[in-house]
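**Q**
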Amino acid sequence: MAVVFTIEGRTKDGRKVKLTITLKKFCRCKSSLGDNCQEKAKEWAQEKIAPLLGRWEFNNLFWVNNQVNPNFFTEVMAELTEVLEAACVTARSDHLQGAQLKIEEIL
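Going letter by letter, the sequence shown gives residues 1116 to 1222 in the working numbering.
Set out below in structure tokens:
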């Protein structure tokens, strides 16, 4: 089942941005996290990924043909991997396969 992470923050140039990360499936949660595992993972993602935005200017988040900059995508996925490692029994690379990242400016 797909899971969506929504992260809001400000870019280096002060623009407010919303990131939407969609994973095709979520991992098996650690039993110590209980029933709120996905919600906790979403909170942790906000805490870990929002600061990344502060290191990037808005226009640099995009690449050719308005695609997400692959360097930014890689940084986001690295932080999300840490979140999954904290929340999941086993965080495997297939949890990130097909991940989609959408960037929107909040006006």
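All C-beta atoms in this analysis are idealised placements derived from N, C-alpha and C, irrespective of residue type, glycine included.
Could you name the residues of the same chain whose beta carbon sits closer than 7 Å to that of F1177, not counting the 5 residues immediately before and after it, in chain order?
**A** Here the question's residue 1177 lines up with position 62 in the sequence shown. Closer than 7 Å at Cβ, skipping near neighbours: V1183, N1184.
**Q** Bridge partners for L1134 per DSSP, in chain order?
**A** Translated into the one-based positions of the sequence shown, residue 1134 becomes position 19. In the DSSP output, where bridge partners are listed per residue, L1134 has I1122, I1218.
**Q** Cα separation between L1168 and K1127?
**A** Translated into positions along the sequence shown, residue 1168 becomes position 53. Translated into positions along the sequence shown, residue 1127 becomes position 12. Looking at the two C-alpha atoms, the distance is approximately 7 Å.
**Q** Under three-state DSSP, which class holds V1179?
**A** For the purposes of this step, residue 1179 is taken as residue 64 along the sequence shown, with counting starting at 1. Of the three classes helix, strand and coil, the one that applies to V1179 here is helix, per DSSP.
**Q** Can you name the residues that DSSP bridges to C1144?
**A** As a working mapping, residue 1144 is identified with position 29 in the sequence shown. C1144 pairs with C1203.
**Q** Going by beta carbon distance, what residues of the same chain come within less than 6 Å of K1155, once the five residues before and after it are set aside?
**A** The count along the sequence shown starts at 1 and reaches residue 1155 at position 40. The residues are L1148.
**Q** Thinking just about the alpha-carbon of each residue, which of V1204, Q1212, L1195, L1216 is nearest to the one in E1162?
**A** On the sequence shown, position 47 is the one that residue 1162 refers to. That would be L1195, whose Cα lies nearest to the Cα of E1162.
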